[in-house]
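Chemist: Heads up, the sequence shown is in the numbering used here, so the first residue is 115 and it goes up one at a time. To start, I am sharing the structure in question, which I have written as C-alpha cells.
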Amino acid sequence: MSGVACVVLAAGKGTRMRSAVPKVLHPLAGRPMVEHVLANARSLSPERTVLVIGPELEAAGFGPDGAAGGVRCVVQAEPLGTAHAVAQARPLLEDFDGDVIVVYADTPLVRAETLARLVEARRDGEAAAAVLGFRPEDPAEYGRLILASDGTLARIVEHAEAGADERAVTLCNAGTMAIDGRRLFPLLDAIGNENAKGEYYLTDLPAVVAAAGGVCAVAEALAEEVMGINDRAQLAAAERVIQDRLRRAAMEGGATLIDPATVWLSADTRLGADVTIGPNVAIGPGVAVDDGAEIRPFSHLEGVRVRRNAVIGPFARLRPGSDIGEGARVGNFVEVKNSAVEQDAKINHLSYVGDAGVGAGANIGAGTITCNYDGYRKSRTEIGEGAFIGSNTALVAPVTVGPGAVVGAGSVITEDVEADAIAVARGEQRQREGAAARRRSRLRPDGTRD
Numbered sequence: 115m116s117g118v119a120c121v122v123l124a125a126g127k128g129t130r131m132r133s134a135v136p137k138v139l140h141p142l143a144g145r146p147m148v149e150h151v152l153a154n155a156r157s158l159s160p161e162r163t164v165l166v167i168g169p170e171l172e173a174a175g176f177g178p179d180g181a182a183g184g185v186r187c188v189v190q191a192e193p194l195g196t197a198h199a200v201a202q203a204r205p206l207l208e209d210f211d212g213d214v215i216v217v218y219a220d221t222p223l224v225r226a227e228t229l230a231r232l233v234e235a236r237r238d239g240e241a242a243a244a245v246l247g248f249r250p251e252d253p254a255e256y257g258r259l260i261l262a263s264d265g266t267l268a269r270i271v272e273h274a275e276a277g278a279d280e281r282a283v284t285l286c287n288a289g290t291m292a293i294d295g296r297r298l299f300p301l302l303d304a305i306g307n308e309n310a311k312g313e314y315y316l317t318d319l320p321a322v323v324a325a326a327g328g329v330c331a332v333a334e335a336l337a338e339e340v341m342g343i344n345d346r347a348q349l350a351a352a353e354r355v356i357q358d359r360l361r362r363a364a365m366e367g368g369a370t371l372i373d374p375a376t377v378w379l380s381a382d383t384r385l386g387a388d389v390t391i392g393p394n395v396a397i398g399p400g401v402a403v404d405d406g407a408e409i410r411p412f413s414h415l416e417g418v419r420v421r422r423n424a425v426i427g428p429f430a431r432l433r434p435g436s437d438i439g440e441g442a443r444v445g446n447f448v449e450v451k452n453s454a455v456e457q458d459a460k461i462n463h464l465s466y467v468g469d470a471g472v473g474a475g476a477n478i479g480a481g482t483i484t485c486n487y488d489g490y491r492k493s494r495t496e497i498g499e500g501a502f503i504g505s506n507t508a509l510v511a512p513v514t515v516g517p518g519a520v521v522g523a524g525s526v527i528t529e530d531v532e533a534d535a536i537a538v539a540r541g542e543q544r545q546r547e548g549a550a551a552r553r554r555s556r557l558r559p560d561g562t563r564d
C-alpha cells in the first residue's frame, strides 16, 4: 500500500511467560513472534517501520540505531502505557502524513490483508482513525466497541466499566489501529492519564477524536487473527493456528501432506509441487524441498536443500548446511550434517555423514560414519563419483576416496584412496579348524567349564 507507516509495540515485559527471554522473541514456527509482525508489516511496503522496544529487548540486542530490514528502533524507557509507547516514534514520524498502523508484537497472527482493510476503512470515510474489532466466542474481559447509528465507532468501553447493555455487545477491541498521520501526535498529546495506573492508553484515542468532532471507523478481523500471547499456553495455541495456516498453504501450493496434523513446518519452509510429506515429519527453519521430492515419516530437517525427486527417510535427520542432490536417497536412521550429497547418491541405512561431499552415484553402506571431529577441529571427507563404501566403514577425516573406488566393509580409512582402487583396512581374519567343537565339548550344559 502507498502512504503507510507501521509502528510495532514491543516494549511489554511479558512477566507471565516466566522466562529470561523477552516475550516477543519466543518463537512461532521457528521465527520470533516479533518477526512475524514485522514480516506482515513489510508485505504492505511501508515507507517507514518503527519498532518500539523496552529495556529488556534493548538488552537482547535491539537498539535505537538498529536498522535491520529498514526497521528503526526507539526505546520506551518507562512503561507508561500504549499511547505513550506510540508517542516515542514522534522523532521518526512527525513529518509523515500517510496512515500509521499501530500493531502489537505479541499479536503475531494478524494477516497483512486485514491490516490493508483497516487502512481502507480509515480512508473511505476520511476518519481520524480506524480500530480493528473481532467477535470472540466468549467476549469475557475484552473491551467493547460501541458503534454509533451510522456504523462509526462511538467509544471503546472496558469490560470493568461496561454496563449490562454494553457487555451484551459482541464486537470487541483488538487494539490494532490505523491513524491519520497528520493527526496522530496531536491526538496522542490530548490523551490523559487519569486512571488507576496513571498510564496513557491508546484505547482513549476514539474518545479524544469524538471530543474534537471527528469520527473513527471500524474494520473486523477473525478472532484467531488477534489472539494475543501472554503466557506459554497462549503461545502453544498460536502455534496450532500458524501450523494450520502453513499446512494449508503448502497443500494449496501443490504439496501432499499425508497426515497434515502431524507435520510441523517453519515460517520459511519452501515446498515445491508434487512434494510428498509423510506423517510425523518436523521441518525446522531454512528448508527448501524441490519438486517431486519425498520426505518419509519421522524425519527431521533443518537448514537444508532437498533437490528434485530425492527421497528422505523414514527416520532421517538432515542438519544445517546439507544439500541433497536430485534423485539422491537418504534412508532410515541416517544423519547428514553440512554435507553435499550429489545426484543419485545413496546413503540408505544407519549412517552418519558429516562435513563431507558425496559424489554423484556413490553408495554408502550401512553403518558408515565420517569421523569429522578430532576433539579440536572439524575436517572434511570427500567421496568421489561412483565410489562404493562398504558397511561399517569409518572414514577418518581429512580423507578423500577417489571416483569409482571401493572400500571394503569394516574398514577404518585414514589415508586417501585413489580413483578406481580397492582399499581394505581391517585386522586379518584367522581360522582354527574344529576349534568350535572342541570348545563346546569343554562346556557344561549351564555354560561353565569342566
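Beta carbons are placed, not taken as given, at the ideal position from N, Cα and C, and that holds for glycine.
Just the C-alpha distance for I215 and P160, rounded to the nearest angstrom, thanks.
Modeler: 10 Å
Chemist: Which residues does DSSP list as the beta-bridge partners of R258?
Modeler: V271, C286
Chemist: Alpha carbon to alpha carbon, what distance is there between A134 and T228?
Modeler: 32 Å
Chemist: So E366 is in the beta strand (DSSP E); what residue range does that whole segment cover?
Modeler: Going by DSSP, E366 is part of no beta strand (DSSP E) but of the alpha helix (DSSP H) stretching over 346-366.
Chemist: What number of angstroms, rounded off, separates the C-alpha of A321 from the C-alpha of D358?
Modeler: 38 Å
Chemist: State the Cα-Cα distance for the pair A501 and V521, rounded to the nearest angstrom.
Modeler: 8 Å
Chemist: Which parts of the stretch 154-198 are runs of the alpha helix (DSSP H), unbroken and 4 residues or longer, counting only runs that do not cross its ends?
Modeler: 169-173
Chemist: Helix, strand or coil for T317 per DSSP?
Modeler: helix
Chemist: Would you call the stretch 193-209 in contact with the stretch 335-348, where contact means no fewer than 3 C-beta pairs closer than 8 Å?
Modeler: no
Chemist: Let me confirm a value: S453 is counted as buried when at least 16 other C-beta atoms fall within 10 Å, else exposed. Which label applies?
Modeler: Taking every protein chain shown into account, the CB of S453 has 16 or more other CB atoms within 10 angstroms, so this residue is buried.
Chemist: Mapping DSSP to helix, strand and coil, what is T507?
Modeler: coil
Chemist: I'd like the list of long-range same chain contacts for E449, defined as Cβ closer than 6 Å, with 5 residues on each side in sequence excluded.
Modeler: R431, Y466
Chemist: Rounded to whole angstroms, what is the Cα-Cα separation between L301 and V164?
Modeler: Straight-line Cα distance between these residues: approximately 19 Å.
Chemist: Using a Cβ-Cβ cut-off of 7 Å (strictly less than) and excluding sequence neighbours within five positions of N423, which residues of its own chain qualify?
Modeler: G406, A407, E440, G441
Chemist: What's the gap between the Cα of L171 and the Cα of Q190?
Modeler: 10 Å
Chemist: Cα-Cα, which of V355, L464, R297 is closest to A381?
Modeler: V355
Chemist: What are the residues that DSSP puts in a beta bridge with G247?
Modeler: N287, E334
Chemist: For V122, which residues of its own chain have a beta-carbon under 6 Å away from its beta-carbon, when the five flanking residues on both sides are left out?
Modeler: The beta carbon of V122 sits closer than 6 Å to those of V151, L165, V217, A219, all from its chain and outside the five residues before and after it, given in chain order.
Chemist: Please classify Y490 as buried or exposed, where buried requires at least 16 neighbouring CB atoms within 10 angstroms.
Modeler: Here Y490 is exposed, its C-beta having fewer than 16 other C-beta atoms within 10 Å.
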